[in-house]
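Working notes, beginning with the structure itself.
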Amino acid sequence: MPTTTTTVRKDHTDWRCNTLLEPESRTYCGRVNNMHDTNCRECVTERNVGSDAMDAEREPIGIMRKKDKDGVETWEYKEASNKETSCGNSTT
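Going by numbering that gives the first Met the number 0, the first residue of the sequence shown is number 0, and it counts up by one from there.
The following block contains the structure:
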């Protein structure tokens with residue numbers, strides 16, 4: 000069962016921008032960015048709802064479900080494997 004949290008999991012190192020660039024052709028950005036980057040390095044859009052959570056191997060591990068007015072991100076993660084632990088201690 001997926002878990003939803005405001006704490007970024009330890010294995011969540013990157014995120015994929017899923018900003019719709021051209022509605023007519025349904026072209027999406029798709030750039031994979033480091034979690035330290037709050038804006039996409041390709042299209043400069045701020046990380047937002049619908050961004051994919053990615054691990055170091057660029058495998059999808061979840062998705063951003065919510066971002067509140069203060070910029071707090073809520074991520075929904077797939078079930079964690081035994082090698083994964085969270086950093087931080089805030090969960091929702």
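Beta carbons are placed, not taken as given, at the ideal position from N, Cα and C, and that holds for glycine.
Check: Cα-Cα separation between Asp112 and Ala55, rounded to whole angstroms; Outcome: Within the shown structure, residues of the chain are numbered from 0 to 91, placing residue 112 beyond reach of any answer.
Check: Arg57 versus Asp69 - alpha carbon distance; Outcome: 28 Å
Check: Alpha carbon of Met0 to alpha carbon of Arg40, nearest angstrom; Outcome: 32 Å
Check: Beta bridge counterpart(s) of Ile62 as assigned by DSSP; Outcome: Asp51 and Glu75
Check: Element boundaries [beta strand (DSSP E), containing Arg15]; Outcome: Asp13 to Arg15
Check: Asn88 (DSSP reduced to helix, strand or coil); Outcome: In this prediction, Asn88 scores a pLDDT of 46, lower than 50, which makes its location untrustworthy; the coordinate-derived value is nonetheless stated afterwards. Three-state result, Asn88: coil.
Check: Assigned secondary structure, Val31 (DSSP; H/G/I helix, E/B strand, else coil); Outcome: strand
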